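Using the numbering used here, the letters of the sequence shown map in sequence onto residues 13 to 280.
Ideal Cβ placement from N, Cα and C applies to all residues, glycine included.
Computed from a prediction, not measured in an experiment: that's the story for all the values here.
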Amino acid sequence: MKLDEVMPIEERMADLRYDGTVRISNPSIGNSEWELSSIRAYSQLQPDSDETIYSSVVYQIELKRKPVYYVLVIQAPTFIMTTLTIFGIFTPFSNTPERREKVTLGLNMFVSISMMLNLVADMMPKASRLPLLGNYILAQIFVCAGAVLVSIVTLILHQRCHTRCLTPPQWLIRFLFCACCKKQIHPSSNDPPPYSVCKETPTVEILENPELLETVEKATIALRSTIDRLEHEDDIRLTWIRVFDRIDMVCLIAFQLLNVVSSTLFMR
């Protein structure tokens with residue numbers, strides 16, 4: 013508290029009664045950063061070095077920091093940056109190539125929040141323990157770091173499943189309420205499409221050739237099998253996209269809840 017914020021000496025009063033009761037006037041006239049919570053004075057007897065007992069008055073002043081400045085300048089921007097980072101990382105608006113941009117966004121916001129922690133460290137006194145505001149920003153850094161790590165793991169898994177056409181497990185599909193196609197990748201048998209031979213066409217001798225018909229039938233079966241396999245691979249990729257979209261939504265809700273809970277706890 014500055015000297016110019018203390019009342020003049022002629023306006024201050026300390027009344028010491030014979031029964032030990034001390035009455036004082038409040039010397040504080042207000043401060044933009046500190047709020048006077050309580051002030052208490054009491055008298056006590058203390059011995060001197062030569063065993064002389066003298067009476068003294070002890071003042072206990074309790075100050076409370078006004079957090080409006082730190083909330084508006086540091087805590088609110090940190091909360092907004094963390095919220096936007098989580099939305100940017102886990103919003104399912106893109107799939108394979110754009111997921112790398114989500115990781116880049118998370119890393120950039122991670123650096124920004126780390127700079128906020130450096131700002132708090134410069135403003136606060138150096139001590140063995142971080143202040144409450146520093147602990148809050150550190151918690152937000154861990155939330156952003158966890159979101160980036162989960163996004164990297166999701167990116168790797170999606171790339172592996174997309175390139176290798178792995179079949180999604182049924183328990184995962186049921187858990188995430190996703191639909192899955194149940195076609196066979198390699199059908200065991202496929203009947204050729206029906207065909208008719210017109211006796212009036214000039215190609216009747218060719219179509220009546222058994223070796224040629226057998227070749228056409230095998231080619232038709234192979235073509236149908238290839239088409240079914242490609243359709244099944246497309247269905248698998250679409251199913252994985254739906255699965256990872258649901259995973260992104262679950263992670264989005266989980267990390268946003270963690271962000272809100274941590275902010276609520278530190279704002280108390």
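- DSSP, read as helix, strand or coil, puts PRO79 in coil.
- Across the structure, SER68 and GLN87 are spaced so that their CA atoms are roughly 43 Å apart.
- With contacts defined by Cβ atoms closer than 8 Å, ALA157 and GLY146 do not form a contacting pair.
- Apart from sequence neighbours up to five positions away, the residues of its chain that approach LEU270 with a beta-carbon distance below 7 Å are VAL155, ordered along the chain.
- Cβ-Cβ distances below 6 Å link LYS76 to GLU47, SER49 in the same chain, with the five nearest sequence neighbours on each side left out; the list follows chain order.
- Residue state for LEU142 is assigned as coil, using DSSP reduced to three classes.
- Take SER124, set aside five residues on each side of it, and the residues of its chain with a beta-carbon closer than 7 Å to its own are MET93, in chain order.
- Here DSSP, grouped into helix, strand and coil, assigns LEU242 to helix.
- Annotated three-state conformation of SER67 is strand, per DSSP.
- Contact between LEU117 and GLY100 holds, with the beta-carbon distance rounding to 5 Å and staying under 8 Å.
- Short of 6 Å from the beta carbon of PHE278, and not among the five residues preceding or following it, lie these beta carbons of its own chain, in chain order: TYR148.
- Rounded to the nearest whole angstrom, the C-alpha separation of PRO180 and TRP252 is 7 Å.
- In this structure, ILE65 sits near PRO59, with a CB-CB distance shorter than 8 Å.
- PRO59: member of the beta strand (DSSP E) spanning 46-59, first to last residue.
- Taking the Cα positions, TYR54 is about 57 Å away from CYS263.
- The Cβ atoms of ILE98 and PHE256 lie no closer than 8 Å to each other.
- Less than 8 Å separates the beta-carbon of ASP260 from that of PRO104.
- By the neighbour-count criterion, in which 16 or more other beta carbons inside 10 Å mark a residue as buried, VAL70 falls on the exposed side.
- The beta carbon of GLN182 sits closer than 7 Å to none of the beta carbons in its chain outside the five residues before and after it.
- Separation of the CB atoms of VAL228 and VAL160 is rounded to 56 Å, and the pair is thereby denied contact status at 8 Å.
- With contacts defined as CB atoms closer than 8 Å, SER44 and ALA151 fail to qualify as a contacting pair.
- Burial check for SER163: the Cβ neighbour count within 10 Å reaches 16 or more, so the residue is buried.
- Within 10 angstroms of the beta-carbon of THR90 lie 16 or more other beta-carbons, which makes it buried.
- If you check the CB distance, ARG254 and HIS174 do not come in under 8 Å.
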